[in-house]
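First to last, the protein sequences are chains E and G. Everything in the first sequence is counted per numbering that gives the first Met the number 0, starting at 0 for the first residue and increasing by one. Everything in the second sequence is counted per numbering that gives the first Met the number 0, starting at 0 for the first residue and increasing by one. Cβ atoms here follow ideal geometry from the backbone N, Cα and C, with glycine treated the same way. Since we're looking at a predicted model, the values are computed, not measured. Heads up: the structure comes next, in structure tokens.
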Amino acid sequence: MKFRVERDALADAVAWTAKSLPSRPSVPVLAGVMLRVSGGQLVVSGFDYEVSSQVSVEVAPDADGAALVSGRLLAEITKALPAKPVDVAAVGAHLELVCGSARFTLPTMPVEDYPTLPEMPATAGTVDAATFASAVAQVAVAAGRDDTLPLLTGVRVELEGSTMTLLATDRYRLAIKELQWRPDTAEASLQALVPAKTLADTAKTLGPLGGEVTLALARGGMGEGMVGLVGGTRRTTSRLLDGEFPKVRNLLPDHHSAQARIQVSALVEVVRRVALVAERTTPVRLSFSEDGLIVEAGGTEDARASEAMDCTYEGEAMQVAFNPGYLLEGLQALDGPTAVLSLTDPRKPAVLAPAGENGEIIPGYRYLIMPIRIGA
Amino acid sequence: MPRGDAAGFGPDADDTGCVILHVDMDAFFASVEVRRRPELRGRPVVVGGIGPRGVVSSASYEARTFGVRSAMPSVRARRLCPGAVFLPPDFTEYSRASRAVMQIFREITPLVEPLSMDEAFLDVAGARRLLGRPAAIAATIRRRVAEEQALTCSVGVAPSKFVAKLASTRAKPDGMVVVPAGRVLDYLHPLPVAALWGVGERSAEALRRLGLTTIRDLAQAPVGMIRSALGEAAASHLHELAWGRDPRAVVPEHVEKSIGAETTFDDDIDDPLVIRRTLLALAGKAAARLRQTGQAGRTVSIKVRLADFRTVSRSRTLPGPTDVTNEVFETAWALYDILRPGDRIRLLGVRIEGLIEAERAPRQLALDGREHGWAEAERAADAAVARFGAGAVRPASLLDKGPGRVGESEWSGMPGPWNGAREEAAPGKSRHLSVDRLSDPGSPS
């Protein structure tokens, strides 16, 4: 194997692939990235039996072939190289890398020991990359991070006709996003539970590339239990999570007794400031009335903080308390200048929805938070 | 020991400056039992664990004449007094009586410091203008407790807490002792050192080896000598007490630092199902106490004593305070599961620490409503128990009808809430509360 490649293209490809490599691989070869050249294309791939990532880069080939080298080391080296063409060649049991006056020799691992990457499942349809990236980010924030409930560490993806719905919950909040996509067949009806971290990382890297993301999801048979995401020259596959996702849609309250409209950026700032005195499990308290909103935190014996701010409020005066982290993550996930907070009771789920400057709710996204109960 | 009045410390002694009262109910549990079963009056009554390893919690004075004492093994009590009526404790009834009695105290003065269910300190300094001299107030309390609760108590009236406590002991049963401010040392000094609050058998023995048998000996001994026997802190504290000096104030609402329950098995056990059920029962008991007293705690600990008396404990701190049986139990079980001692078990205990007022405890509610549902179910169960007695409502796996059913989720179609197929369907892992005996309110529990 021998080729010449642009430094940036190589560095990007290796960095992206190496990012998903396991930090403590079960077998040493999984710490490697595979470089394979054929027909003018270099394919860089990594795999940890759960997630595979692959990216192809145009190169000037001299000889086809493959080499397996430490992903982490190669990523660090390519990142540090000067902006010049890079010559890469497999020489015996080593990989030689020359860029300008810099020369590196890396040991390689046996290519034949490397596992075969999973096949891409059948294509299900496509979605705008930037829209998908922001939708996934809005939802994945509510997914559980605690491995004791593996089911909740996933994002549920539901595909019904041209509507894609993403759902995630960690028992304390729930995010739901609906967006449009283009299914290959109009009557598509598919569900999958995708590990939230993988989905979020992948969508985030595919978003800025623009264009479309192809979603691949098996309907039984080949590639069962797998999801594939392809954008540009990058493709990722991931194992799906097992289990029945809780039926969460009916948690969305069908009515509210009070509603507040608040400027998102201002509320984020105030909550951040006031929450400085809140401990890990203590709430920020939001008191709504006709006069506006007062945000408070801290106890009678502990440090205390409070701040008043403007808000439009309809309903009886109400105080509701939230975990400041959950509230901030929800506010930051809103895709609009105004937050609409709908309340029914200080112990019932509160719903955050984005709205425009005029206060008109932008449909498609809901973020439910369960309050923290204060007092009996 | 002579009753107080014999030595001139009767109700008519000079009570000037004697603003501290110690009220101690007489044979409290036994008296409450006699009150609701008048046919037991005059008979020896022993309340305590009935099993072969049970311990006496309370004995009527009739039983005490046979030598029966609190904390004595029930088996021994039975030998000493085979004619006694042995009853299992009914804490619901005792705590109801206790609340009623404490309420009488609080109507006298807000400065009431309960020490346990059946005794309290009162500071009556501020009540004197309205209610008369301390001895008169003490007499009023004794009369009201007798008239309104049909129970007797003994009161010590003294200038300080520890002297008042000593005095009430000497007043028993159904009496009153006043220790005038100027005669504290006369009262104190002839008493044995063991009478001092904080001197147990071991300290008394250490002091006896130094030739100090009475409180007078202790008072007159150099502090350095006591220090060598008891250590720095205890020595100076006891020396002060021996001179009748006790500046401690009556602090209303004695705050409990932890609440727990434990049980000793009749026979050492190793059956995981029994262990699980026992932990559930103990968690239920402890959490019910929390709810009764309006508290919640963050740390759950378990205590396991093995057949050879080795004792191990483990604790875990939760993300937030709880008073929910299920949460306490799940934590206790998880702790036990990690511990998994190989040997047979003699005693199990569950304790909740880091207590705060439940009102002040913020609690993150969950979307699946699991926590919320439990808290509400338990409050309903508490109400049923308050009305129909302990045993009216309890977890199905604690019914005496074999292993309980397997819990179902609030969310249809899921084997367990939120964790999909991972929840194992272990027998006895029931989450159902079951109502039974509601039709039989009078039944003893």
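Member of the options whose CA lies at the smallest distance from the CA of residue i
i: Q219 of chain G; options: G:P189, G:E200 and G:S202; result: G:P189
i: N322 of chain E; options: E:G314, E:Y113, E:T281 and E:L192; result: E:T281
i: G64 of chain E; options: E:A79, E:G91 and E:L73; result: E:G91
i: L284 of chain G; options: G:D216, G:I351 and G:S73; result: According to the sequence as given, residue 284 of chain G is Lys; it is not Leu. Out of G:D216, G:I351 and G:S73, G:I351 has the C-alpha closest to the C-alpha of K284 of chain G.
i: E313 of chain E; options: E:I76, E:V339 and E:E157; result: E:V339
i: G181 of chain G; options: G:D13, G:A62 and G:A376; result: G:D13
i: L195 of chain G; options: G:L279, G:V222 and G:D245; result: G:D245
i: E315 of chain E; options: E:L327, E:T343, E:Y325 and E:S305; result: E:T343
i: G70 of chain E; options: E:V32, E:T125, E:V54 and E:D61; result: E:V32
i: Q179 of chain E; options: E:A217, E:G160 and E:D169; result: E:G160
i: A62 of chain E; options: E:Q262, E:A141, E:L41 and E:A307; result: E:L41
i: K347 of chain E; options: E:P106, E:I371 and E:V263; result: E:I371
i: P345 of chain E; options: E:T337, E:A332 and E:V283; result: E:V283
i: T204 of chain E; options: E:L9, E:A8 and E:W15; result: E:W15
Neighbourhood of residue i by C-beta, 6 Å cutoff - its chain only, sequence neighbours within 5 removed
i: V135 of chain E; result: L198, A199 and A202
i: A88 of chain E; result: K1 and E95
i: P24 of chain E; result: A30
i: A119 of chain E; result: The sequence as given places Met at residue 119 of chain E; Ala does not occur at that position. Same-chain partners within the cutoff: A215 and G227.
i: G47 of chain G; result: G53, V54, V55, S56 and S73
i: T263 of chain G; result: R52 and L346
i: A302 of chain E; result: V276
i: A83 of chain G; result: P43, V45 and A62
i: I261 of chain E; result: C310 and A338
i: E49 of chain E; result: R238
i: R234 of chain E; result: Q53
Distance CB(residue i)-CB(residue j) smaller than 9 Å
i: L367 of chain E; j: A101 of chain E; result: no
i: L166 of chain E; j: R248 of chain E; result: yes
i: V110 of chain E; j: L96 of chain E; result: no
i: L121 of chain G; j: I107 of chain G; result: yes
i: G348 of chain G; j: R297 of chain G; result: no
i: Y186 of chain G; j: A205 of chain G; result: no
i: D183 of chain E; j: T122 of chain E; result: yes
i: E157 of chain E; j: Q190 of chain E; result: yes
i: G297 of chain E; j: C310 of chain E; result: no
i: T324 of chain G; j: A365 of chain G; result: no
i: R445 of chain G; j: T330 of chain G; result: Because chain G spans 0 through 444 in this model, residue 445 of chain G falls outside it and cannot be assessed.
i: Y325 of chain E; j: Y171 of chain E; result: yes
i: R343 of chain G; j: D269 of chain G; result: yes
i: V294 of chain E; j: S286 of chain E; result: yes
i: A320 of chain E; j: P361 of chain G; result: yes
Residues near residue i by beta carbon distance below 8 Å, same chain, minus five either side
i: K171 of chain G; result: D23, D25 and S153
i: G412 of chain G; result: Here G412 of chain G scores only 33 on pLDDT, less than 50, and its place in the model is too uncertain to base an answer on.
i: I361 of chain E; result: D334, G335, A352, P353, A354 and G355
i: G125 of chain G; result: T108 and L110
i: R6 of chain E; result: T77, L80, P81, A82, K83, P84, V85 and C98
i: E211 of chain E; result: T125, V126, D127, A128 and G230
i: P37 of chain G; result: none
Limits of the beta strand (DSSP E) - the one that residue i falls within
i: F328 of chain G; result: From DSSP, F328 of chain G is part of no beta strand (DSSP E) but of the alpha helix (DSSP H) over T324 to L338.
i: K78 of chain E; result: First-last for K78 of chain E: G70 to A79, but that is the alpha helix (DSSP H), not the beta strand (DSSP E).
i: E295 of chain E; result: G291 to A296
i: F264 of chain G; result: S257 to I268
i: S51 of chain E; result: V50 to E57
Nonlocal neighbours in the same chain, by C-beta distance under 7 Å from residue i, ignoring five residues either side
i: A203 of chain G; result: V192 and A193
i: F65 of chain G; result: P43, L79 and C80
i: D173 of chain G; result: D25, T151 and S153
i: A234 of chain G; result: V222, I225 and R226
i: A59 of chain E; result: F2 and R3
i: A145 of chain G; result: T151
i: T162 of chain E; result: E177 and Q179
Alpha helix (DSSP H) segment containing residue i, residue limits
i: T201 of chain E; result: A195 to L205
i: T277 of chain G; result: P271 to Q291
i: E249 of chain G; result: It is worth fixing the name first, because residue 249 of chain G is Val in this sequence and not Glu. Counting along the chain, V249 of chain G falls outside any alpha helix (DSSP H), and DSSP gives it neither H nor E.
i: R63 of chain G; result: Y60 to R63
Worksheet item: In chain order, which beta strand (DSSP E) runs of at least 3 residues are fully inside the stretch 168-247 of chain G?
Response: Whole beta strand (DSSP E) segments, 3+ residues: 175-177.
Fill in: alpha helix (DSSP H) runs contained entirely in the stretch 73-142 of chain G, provided each spans 4 or more residues
Every unbroken stretch of the alpha helix (DSSP H) spanning 4 or more residues and falling wholly within the stretch 73-142 of chain G is given here in chain order: 73-79, 90-107 and 127-130.
Discussion item. Which runs of the alpha helix (DSSP H) at least 4 residues long sit entirely within the stretch 285-365 of chain E? Give them in chain order.
Written reply: Counting only runs of 4 or more, we get 323-332.
Fill in: Ranges of the beta strand (DSSP E) found wholly within the stretch 71-156 of chain E, counting only runs of at least 3
As far as the stretch 71-156 of chain E is concerned, its whole beta strand (DSSP E) runs of at least 3 residues are 85-90, 93-98, 101-106 and 122-127.
Worksheet item: Which residue spans inside the stretch 23-73 of chain G form an unbroken alpha helix (DSSP H) run of at least 4?
Response: You should have 27-35 and 60-63.
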